[in-house]
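Read the structure below first, then the notes.
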Amino acid sequence: MKEYENLFTEQIRGELKSFTEYRIAYQEIWTLRNVLNVLQWDSEIILPEGGRVERGSQIGLLSGLIHSKYAGESFYKLAERAREENEQKDLPGRAERKIEFERLFQDLDRSRRLPQEFVEEFSVTTSKAHSIWAKAKKENRFADFAQILSKIVELSKKQTECYGYQTEAYDALLENYEPGERAKNLDKLFFDLKNNLKPLIAKGKKVANPFLKEIPIPLQKKLGETLPSILGLSSTISRLDSSEHPFSASLGSKDKRITTRYDLRDPLSSIFSILHETGHSLYEVGISEIVGGPSPLHDFVSLGIHESQSRLWENQVGRSIEFWEMYYPILLNVLNIKESELSFSKLFSYINQSSASLIRVEADQITYNLHIILRFEIERELINGKIQVPELPEVWNSKMKELFGITVSSDKEGVLQDVHWSGGAFGYFPTYTLGNIYSAQLFQAFSKENSNFRLEVKEKEDFSSLLNWLKRNVHWKGKFYSAKDLIRSATGSDPDSFYLIQYLEKKLIEQESIHHG
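Residue 1 is where the sequence shown starts when you use full-length UniProt numbering, and the numbers rise one by one after that.
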């Protein structure tokens with residue numbers, strides 16, 4: 001954490017008065033954001049149905065308050081004075097504080113382009129939309145969701161005009177999640193991925209569900225509840241709940257929430273959701289450990305980097321031989337399954353199978369990126385005005401046929417399956433594939449330095465060498481570097497999809513050898 005050592009010390013508090021005032025104001029905004037996260041988490045987990053309208057108003061009011069404080073003239077001028085003060089006084093950490101101000105004003109100048117009335121309307125609309133989406137999905141009725149989704153798309157287009165863009169409207173929203181990335185760059189990346197994945201997809205094999213009976217949810221909960229702590233997420237600063245769509249949330253420096261969902265026929269569904277969301281929370285914990293915060297540097301780099309942390313634990317770790325050599329006996333014991341009923345080879349083959357599927361969150365590692373490409377292409381056309389909301393089911397089903405060769409029988413398993421658009425998160429989906437690319441490259445770099453990791457996991461249930469490596473090379477860097485610079489710093493090379501393809505090729509070979517072993 002050398003980048004942060006002199007950022008905000010006692011000496012700085014004493015000699016940089018404006019900087020200290022700015023940091024106090026930033027702390028207040030950071031706290032209010034955590035309060036908003038509490039309200040939003042509660043809305044998705046335990047809020048009674050009757051409280052949704054009032055909660056929407058609460059969230060809207062607080063969102064507007066945060067925006068007015070953060071993007072308002074008072075904070076902006078305070079930050080300008082603090083920046084000028086830092087330039088004038090040659091104190092330890094001046095260069096690092098300069099980078100802090102670069103990150104701050106990049107975000108501030110962008111935030112100030114959105115009128116407060118717009119922020120409140122967007123927040124209230126998306127808050128209402130979540131429950132409408134959940135109900136429409138449950139009842140398989142896209143028409144019930146279409147009206148409010150049209151409103152969200154309309155607001156998102158207004159957002160692009162507020163931000164401004166050079167080439168296409170979608171770029172303005174992509175910038176929210178992956179700063180510096182552009183749709184035309186993703187076109188090339190996704191084209192290359194499709195070409196490299198096609199031969200692998202052809203080699204994939206569907207494996208039957210090896211679980212011969214339904215697994216009661218209480219047993220599944222018992223199986224998964226200790227998994228976060230095994231990976232390194234302490235139960236004293238986290239909790240696990242269930243939700244319609246698994247997610248993670250940071251409600252404070254020592255308050256991380258994760259959720260999963262349970263499938264009676266497949267207990268692995270919840271396990272991989274827990275692995276995924278734990279990865280997100282471990283990243284947030286690592287950021288919270290950085291000294292001298294909170295500040296604009298005490299944040300994640302991009303959603304692509306954030307996703308790399310969840311996908312690494314879900315896939316590179318969670319689908320590895322060493323993980324299941326460790327976890328297989330635990331699974332048999334907790335779920336009351338005999339080894340004769342569920343062999344290791346059948347389980348491992350099922351975990352690493354590859355075949356076309358309707359549901360993104362249940363897709364295998366090879367086909368997953370095609371799900372992302374589908375969503376990227378659709379939402380890009382939607383925001384750029386080439387298609388309209390009522391056309392979405394037809395467009396979705398057509399692309400599923402084109403990319404996967406399968407027919408979508410219901411909107412619940414098609415256009416309604418994801419929560420993202422109900423929250424107005426257009427531009428989010430591409431970060432999943434970027435996360436896959438980053439995670440494969442990061443794990444390759446870690447593996448070169450830690451040849452004993454497999455034995456540590458198998459024999460000791462010890463993941464600390466990986467977690468500590470990620471803390472040093474990713475988590476504790478905060479937002480000091482751009483995504484590309486961070487990957488270059490951690491791995492020694494620029495982001496490259498080669499490592500993802502190489503990893504997937506090895507998984508196919510590994511699965512084949514286990515299956516026939």
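Glycine residues also receive a C-beta, built at the ideal position from the N, C-alpha and C atoms.
Note to self: Helix, strand or coil for A208? Go by DSSP, reduced to three states.
What the structure shows: coil
Notebook entry, point to check: Short check: CB of L62 to CB of L32, under 8 Å?
Noted result: yes
Next item on the list: For the region 386 to 397 and the region 359 to 371, state whether three or more C-beta atom pairs, one from each stretch, are separated by less than 8 Å.
Entry: With the cut-off at 8 Å, the region 386 to 397 and the region 359 to 371 do not touch.
Notebook entry, point to check: What residue range is occupied by the uninterrupted alpha helix (DSSP H) comprising K256?
Noted result: Not the alpha helix (DSSP H): K256 falls in the beta strand (DSSP E), residues D255 to T260.
Check: Which residues in the same chain as R380 place their Cβ atom closer than 7 Å to its Cβ, once the five residues preceding and following it in sequence are excluded?
Finding: Y170 and A183
Next item on the list: Reducing DSSP to helix, strand and coil, say where D192 ends up.
Entry: Looking at D192 - three-state DSSP - the assignment turns out to be helix.
Notebook entry, point to check: In terms of residue numbering, what span does the alpha helix (DSSP H) encompassing G72 cover?
Noted result: No alpha helix (DSSP H) holds G72; DSSP gives it neither H nor E.
Next item on the list: Could you give the DSSP three-state label for S242: helix, strand or coil?
Entry: strand
Notebook entry, point to check: Which class does G252 belong to by DSSP, given the choice of helix, strand or coil?
Noted result: strand
Note to self: Is the beta carbon of R55 closer than 8 Å to that of S74?
What the structure shows: no
Note to self: Quick check on DSSP: helix, strand or coil for R319?
What the structure shows: Coil at R319, not helix or strand.
Item checked: Close beta carbons around L104, own chain, < 7 Å, minus the five adjacent residues each side -> Listed in chain order, the non-local C-beta contacts of L104 below 7 Å within the same chain comprise A79 and P296, local neighbours out to five positions each way being set aside.
Notebook entry, point to check: Does the count of Cβ pairs from the region 296 to 312 and the region 222 to 235 closer than 8 Å reach three?
Noted result: no
Notebook entry, point to check: Which residue from A425, K386 and A356 puts its Cα closest to that of K401?
Noted result: A356
Checklist line | Span of the alpha helix (DSSP H) around P393 | finding: L392 to F404
Check: Along the chain, where does the alpha helix (DSSP H) that runs through R33 open and close?
Finding: K17 to I45
Checklist line | Same chain, Cβ closer than 8 Å to L16, five either side skipped, listed in chain order | finding: Excluding residues within five positions, the ones whose Cβ falls inside 8 Å are A82, E85, N86, K89 and L91.
Check: Starting from V457 and walking both ways along the alpha helix (DSSP H), at which residues does that stretch end?
Finding: Segment F453 to K460, the alpha helix (DSSP H) holding V457.
Next item on the list: Determine the closest residue to N37 out of L264, L342, I330 and R257, with distance taken between C-alpha atoms.
Entry: Ranking the options by Cα distance to N37, first place goes to R257.
Note to self: Please report the straight-line C-alpha distance between S111 and F344, rounded to a whole angstrom.
What the structure shows: 52 Å
Note to self: At the level of alpha carbons, what is the spacing between L47 and N384?
What the structure shows: 36 Å
Notebook entry, point to check: Taking the C-alpha atoms as reference points, what is the distance between Y481 and E307?
Noted result: Y481 and E307 have their C-alpha atoms spaced approximately 16 Å apart.
Next item on the list: Grab me the residues of K471's own chain with a C-beta within less than 7 Å of its C-beta, minus the 5 sequence neighbours each way, in chain order.
Entry: G286
Check: Exposed or buried, F191, counting other C-beta atoms within 10 Å across all chains shown (16 or more means buried)?
Finding: exposed
Note to self: Measuring only the C-alpha atoms, how far is R113 from F376?
What the structure shows: 25 Å
Notebook entry, point to check: When the distance is taken between beta carbons, is E5 closer than 8 Å to V291?
Noted result: yes
Notebook entry, point to check: Can you check whether the CB of W396 is closer than 8 Å to the CB of V415?
Noted result: yes
Item checked: Option in Y76, A202, D241 and L504 with minimal Cα separation from S439 -> L504
Next item on the list: Classify T367 as helix, strand or coil using the three-state DSSP reduction.
Entry: T367: coil per DSSP, three-state reduction.
Next item on the list: Tell me whether the beta-carbon of G304 lies closer than 8 Å to the beta-carbon of L434.
Entry: yes
Margin query: Buried or exposed for P246, going by 16 or more other Cβ atoms inside 10 Å?
Written below: buried
Checklist line | CA-to-CA distance, K254 to S131, given in whole angstroms | finding: Taking the straight line from one Cα to the other gives about 29 Å.
Note to self: Rounded to whole angstroms, what is the Cα-Cα separation between A425 and N450?
What the structure shows: 37 Å
Item checked: Where the alpha helix (DSSP H) through L149 begins and ends -> Here the alpha helix (DSSP H) through L149 covers F142 to Y163.
Notebook entry, point to check: Secondary structure at S235, three-state DSSP: helix, strand or coil?
Noted result: coil
Next item on the list: Can you tell me which of the three DSSP states W307 falls into?
Entry: According to the sequence shown, residue 307 is Glu rather than Trp. Three-state result, E307: helix.
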